[in-house]
Amino acid sequence: MAVASSNAPFILRLVSCSVAAANKAGNIIRNVLQNGDLAVVDKGLGTGKFDPQTIADRAAQKCIITSLQKKFPAIKIVGEEEDCSEIIEVAETEDDSSVLQQQCPAQLQNCKEDEVVVWVDPLDGTKEFTDGLIEHVTVLIGISLDGKPIAGIIHQPFYKARENPNITGRTIWGVQGIGSFGYEKSTHDGLIIITTRSHSSKVNLEAIQAMNPTKIARAGGSGYKALSVLLGETDAYVYASKGTKRWDTCAPDAILRAAGGNITDVLGRPIQYKYNTDYMNYTGLVATLENHETLLSKIPDNVKDSISKNL
Numbered sequence: 062m063a064v065a066s067s068n069a070p071f072i073l074r075l076v077s078c079s080v081a082a083a084n085k086a087g088n089i090i091r092n093v094l095q096n097g098d099l100a101v102v103d104k105g106l107g108t109g110k111f112d113p114q115t116i117a118d119r120a121a122q123k124c125i126i127t128s129l130q131k132k133f134p135a136i137k138i139v140g141e142e143e144d145c146s147e148i149i150e151v152a153e154t155e156d157d158s159s160v161l162q163q164q165c166p167a168q169l170q171n172c173k174e175d176e177v178v179v180w181v182d183p184l185d186g187t188k189e190f191t192d193g194l195i196e197h198v199t200v201l202i203g204i205s206l207d208g209k210p211i212a213g214i215i216h217q218p219f220y221k222a223r224e225n226p227n228i229t230g231r232t233i234w235g236v237q238g239i240g241s242f243g244y245e246k247s248t249h250d251g252l253i254i255i256t257t258r259s260h261s262s263k264v265n266l267e268a269i270q271a272m273n274p275t276k277i278a279r280a281g282g283s284g285y286k287a288l289s290v291l292l293g294e295t296d297a298y299v300y301a302s303k304g305t306k307r308w309d310t311c312a313p314d315a316i317l318r319a320a321g322g323n324i325t326d327v328l329g330r331p332i333q334y335k336y337n338t339d340y341m342n343y344t345g346l347v348a349t350l351e352n353h354e355t356l357l358s359k360i361p362d363n364v365k366d367s368i369s370k371n372l
């Protein structure tokens with residue numbers, strides 16, 4: 062029997078609302094693409110690096126933050142997009158009943174609204190979105206407590222959209238101590254490493270090649286790459302460089318950990334999700350479901366030394 066939202070522990074209510082908000086954000090993203098006007102602006106002006114932002118990024122973040130703040134006004138939220146002034150109507154978000162039916166783990170029973178931080182990337186893979194690689198796009202909502210990732214939501218607005226345009230996406234979520242939900246795991250032969258399609262470097266390639274992969278896959282969006290590990294399509298997501306931010310990694314980090322996996326930096330340290338700090342992941346990342354320490358041990362010392370210089 063479903064648990065009434067008001068009677069559920071705070072963390073389950075927050076995850077439930079976040080799942081619903083991610084679904085609504087996915088609807089916004091699909092509608093923007095269907096309308097055809099992405100209203101692209103370059104956040105990287107003056108840096109020499111093109112960093113696109115679309116109206117879908119801005120409206121999706123406004124939707125997520127407004128939905129969460131309506132129910133949890135004391136919550137701390139860190140979003141990727143700074144200017145989200147689009148005027149959109151955000152109806153009251155219906156809680157996701159599948160989350161509320163779960164048994165809350167003891168360590169999260171007494172978690173309070175002002176103790177957590179929510180990390181939002183409303184449209185991870187904006188470059189891919191503008192390039193037409195829509196399957197790489199995800200909506201990411203991660204939740205941290207005391208700097209540690211405890212829950213995450215990854216929504217795929219265009220899941221199987223090329224096969225069936227009537228499909229309205231897929232949402233995968235996880236909570237540490239409960240598990241991860243919304244997907245089926247596949248298998249493959251060999252060792253497949255997935256990495257960036259557009260920001261590679263000599264150091265990154267050296268780290269990957271030291272693991273002796275049978276295949277190197279390349280894709281955009283941190284959420285999409287981490288999801289490929291969760292789904293069993295790849296064995297590890299490796300990015301031996303600075304570049305990702307906390308909002309890129311919190312949701313995948315929490316979901317992978319809930320499924321028994323791991324995300325650390327290239328030096329083997331957990332990523333800290335502290336509020337009001339520098340949000341850059343300076344020392345790269347390695348995401349796996351298994352064999353994490355084995356793969357980390359294969360990264361050459363000169364790569365680790367190079368990465369350490371970012372500290």
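Using the numbering used here, count along the sequence shown one by one with no gaps and you end on 372.
In this text, a Cβ means the ideal position worked out from N, Cα and C, and glycines have one as well.
In this chain, the alpha helix (DSSP H) harbouring Lys286 covers Ser283 to Leu291.
Rounded to the nearest whole angstrom, the CA to CA distance from Ala222 to Ser247 is 20 Å. Here DSSP, grouped into helix, strand and coil, assigns Val200 to strand.
The beta carbon of Leu292 is closer than 7 Å to those of Tyr244, Lys246 and Ser247 in its chain, skipping five residues each way along the sequence. Every beta strand (DSSP E) of 3 residues or more that sits fully in the region 157 to 221 is shown, in chain order, as 177 to 185, 199 to 206 and 209 to 217. Secondary structure within the region 249 to 278: the beta strand (DSSP E) runs of 3 or more consecutive residues, fully enclosed, are 253 to 257 (chain order). Counting only residues of its own chain and dropping the five nearest sequence neighbours on each side, Ala271 has a CB closer than 7 Å to the CB of Lys359, Ile360 and Pro361.
When the Cα atoms are used, Phe190 and Leu73 turn out to be separated by approximately 31 Å. In the DSSP annotation of this structure, the continuous segment of the beta strand (DSSP E) that includes Phe242 starts and ends at Gly240 to Phe242. In the assembly as shown, Asp250 is an exposed residue. Its beta-carbon has fewer than 16 other beta-carbons within 10 Å. Annotation for Asn323: the continuous beta strand (DSSP E) segment containing it runs Asn323 to Thr325. Put simply, the backbone Cα of Ser261 is about 11 Å away from that of Val299.
Counting C-beta atoms within 10 angstroms of its own C-beta, Gln95 has fewer than 16 neighbours from the protein chains shown and is therefore classed as exposed. Listed in chain order, the non-local C-beta contacts of Phe133 below 7 Å within the same chain comprise Leu75 and Glu174, local neighbours out to five positions each way being set aside.
Taking Lys370 as reference, the option from Ile211, Glu354, Asn342 and Val347 with the minimal CA-CA separation is Asn342. Around the CB of Asn265, 16 or more other CB atoms lie within 10 Å, so the residue is classed as buried. Going by DSSP, Leu346 is part of the beta strand (DSSP E) stretching over Leu346 to Thr349. Here DSSP, grouped into helix, strand and coil, assigns Ile136 to coil. For Ile233, the enclosing beta strand (DSSP E) begins and ends at Arg231 to Val236. Minimum Cα-Cα distance from Thr355 among the listed residues Leu184, Ile89, Leu328 and Ile195 corresponds to Leu328.
A Cβ-Cβ separation of about 5 Å places His197 in contact with Gly282 under the 8 Å criterion.
In the structure shown, Ala82 falls within a helical segment according to DSSP collapsed to helix, strand and coil.
In this structure Ala287 is buried. Its beta-carbon is surrounded by 16 or more other beta-carbon atoms within 10 angstroms.
At the C-beta level, Leu161 and Ala69 come within 8 Å of one another.
Pro313 and Leu201 have their C-alpha atoms some 8 Å from each other.
Here Gly97 is exposed: its Cβ has fewer than 16 other Cβ atoms, across all protein chains shown, within 10 Å. With a cutoff of 8 Å on beta-carbon distance, Tyr336 and Lys137 are scored as near each other. For Gly193 and Asn171, the gap between their C-alpha atoms comes out near 44 Å.
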